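Numbering (the numbering used here), first residue to last: 12 to 645. Here a beta-carbon is modelled for each residue, glycine too, at the ideal position from N, C-alpha and C. All figures in this text were calculated on a predicted structure; none of them were measured in a lab. I have placed the structure first, in the form of structure tokens, so that the comments after it can refer back to it.
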């Protein structure tokens, strides 16, 4: 069954709570102070079953101007709204402020309810009716049905239920199959159970035992128990009023305004890119003005950075970046409200374009164009632009979060875009990684050029070291993605891969006849020299070789296992090195030995033996103990 959330809005003492009780039988004023003062202070909730059997969750919000922050905490989760106006008073200041908030949040389905009709005459009621219609003109409620009721006598209540039923029938339900998002509006402790949080489930389904997280605190938890409108249940679905008993979290660690989420769904941020509209009649908003920010149940102080102007006037819209003073969590297309810092008045609202943007410089044409495209584009275009702007590519789950799409919708779009050649998808372990095809081809062209140059310069080497290639072009790419990228090029027949090197497909080290002869002569010379090998300089002189050419030949012999590089000056033949190790091992069998003893045992000189012993220390065959050494390896 799908669940719809409908909330009240309107001026204080216009009968919202009494209306909810007339519809549901539930008195949502639960606090002692609310009973004593006769006004709602906190959010109230009640279930309502409509004539068709549809389930509604009713949210009763405070109407007093002092409690506008509580009203904002409730209105963000509404699918439908009832704008309540008392017949004996008509449109009042909080009626207009609540209506402005409804319009800014684009709650497009609603009913206008004129209450207390038993207190006025017919001609007065007609005047109020006209005043209300004038007030909602130009807003999302301009064409909303109007119902006149008396909660005291019951007149109009049945018609109101029918109107709610009709609107609920054409209201899309919240996505129960998506990821969990529950803005928290209450936190308390229950003896024997521990921490409990409550809120309206915006999306997803929570089941007992599900792993969840609380953001922006970054706390991992588990749903130990669940209740929906006071009933213990095994699962809760989007649109329901839910209480979740959290495992492993202290009550003091969670706060109203936090969100209970599927792990990894939303990322805490201090910056938000958005489109913002300043209300008609509001004072001009200057760049970097301090404001109060409201989204869902969260509230934070921040500053508005105007990206394309120095001042915003009433009725105007602009692209902005919000700089928060504490972390918040948001998703693309979330709607928010701003109130002025002082005095606290609602000044406007807008829509989130990017929930985790980089810092922008003002008046940058490319930034403004990008944000406008993302504001107006289709899901596919927005997803393509997000991937294009992430030069290192993007994990498909992060892409889903940034584009505010479900995982399944994102997967389907990416596969369609890949088939059309817009993106390239890498299989990275069990995940998909998306790269714009333009970027993918640019990467390959850079790698191909680098390998061509390397093979030309070092024709005897099997390929470029993988880590060197990564440090040049892919230092910001995660190691597992870099590995997947190389493997994809290998599957495409572009590369050949060895354990530590990369080469162009079809490349093999090439030798001239002269080089083949030199390689044999070099190996013979080192073999014959045994424990007194020539220095690099001596070899270059005796063979009349350029140092760079000699280095390449020796590098090849090392790679093939014929020689071992002891240091930059000396190479040893592998056979001679093996024999020397055995001599040293026998020497050490009688106890620690010094340089002179090793020199005598090898019948060599300090010039050759000292570099040898330092090499053996480096490969952990020997270890220094004061001025002596012992053998520790095999």
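Within the same chain, and ignoring the five residues on either side of residue 580 in sequence, the residues whose Cβ sits closer than 6 Å to its Cβ are 546, 547.
The three-state secondary structure of residue 368, taken from DSSP, is coil.
Contact between residue 444 and residue 492 holds: CB atoms are separated by about 6 Å, below the 8 Å threshold. The beta carbons of residue 415 and residue 342 sit closer together than 9 Å. The alpha-carbon of residue 583 is positioned some 8 Å away from that of residue 542.
Nearest Cα to residue 359 within the set 59, 286, 157: 286. Distance check between residue 19 and each of 60, 96, 610, 65 places 96 closest, using alpha-carbon atoms only. Distance from the Cα of residue 150 is smallest, within the candidate group 462, 121, 105, 62, for 121. Beta-bridge annotation (DSSP): residue 254 is paired with 209, 238. DSSP assignment within the segment 75-154 yields the following whole alpha helix (DSSP H) runs of 4 residues or more, N-terminal first: 79-86, 104-115, 133-147.
For residue 66, the secondary structure class from DSSP, reduced to helix, strand or coil, is strand.
Contact between residue 317 and residue 272 is absent: CB atoms are separated by about 31 Å, not below the 8 Å threshold. Out of 188, 203, 71, 30, the CA that lies nearest to the CA of residue 125 is found in 30. Exclusion of the five residues before and after residue 480 leaves 513 as the residues of its chain whose Cβ lies within less than 6 Å of its Cβ. If you check the CB distance, residue 474 and residue 115 do not come in under 9 Å.
In this structure the segment 208-219 lies against the segment 240-257, because at least three pairs of beta carbons, one per stretch, are closer than 8 Å. One Cα belongs to residue 612, the other to residue 537, and the distance between them is close to 20 Å. When secondary structure is reduced to three states using DSSP, residue 373 falls in the coil class, being assigned neither helix nor strand. Membership of residue 333 in the beta strand (DSSP E) is indicated by the continuous run 328-339.
As the crow flies, the alpha-carbon of residue 139 is around 5 Å from that of residue 101. Secondary structure note for residue 584: its beta strand (DSSP E) is the uninterrupted segment 582-584. Its chain contains 317, 321 as the residues whose beta carbon lies nearer than 6 Å to that of residue 298, once the 5 sequence neighbours on both sides are disregarded; these appear in chain order. The DSSP assignment places 477-484, 490-502, 524-540, 547-554 as complete runs of the alpha helix (DSSP H) inside the segment 469-556, in order along the chain (cut-off: 4 residues). Annotated three-state conformation of residue 619 is helix, per DSSP. Approximately 6 Å separates the beta-carbon atoms of residue 207 and residue 199; this is inside 8 Å, confirming the contact. Below 8 Å, enough C-beta pairs join the segment 341-356 and the segment 287-307 to call them touching: three or more.
Boundaries of the alpha helix (DSSP H) around residue 168: 168-180. Taking C-beta atoms as the reference points, residue 212 and residue 193 count as a pair closer than 9 Å. Here DSSP, grouped into helix, strand and coil, assigns residue 459 to helix. When DSSP states are grouped into helix, strand and coil, residue 594 belongs to the helix group. Secondary structure of residue 638 (DSSP, three-state): coil.
Listed in chain order, the non-local C-beta contacts of residue 92 below 6 Å within the same chain comprise 18, 20, 113, 118, 121, local neighbours out to five positions each way being set aside.
Given a length threshold of 4 residues, each whole run of the alpha helix (DSSP H) inside the segment 390-423 is given here in chain order: 390-400, 407-414.
Take the alpha-carbon of residue 233 and the one of residue 292: they are about 47 Å apart. Contact between residue 280 and residue 253 fails: their C-beta atoms lie close to 25 Å from each other, not under 8 Å.
When C-beta atoms of the segment 426-442 are compared with those of the segment 379-389, fewer than three pairs fall below 8 Å, so the two segments do not count as touching.
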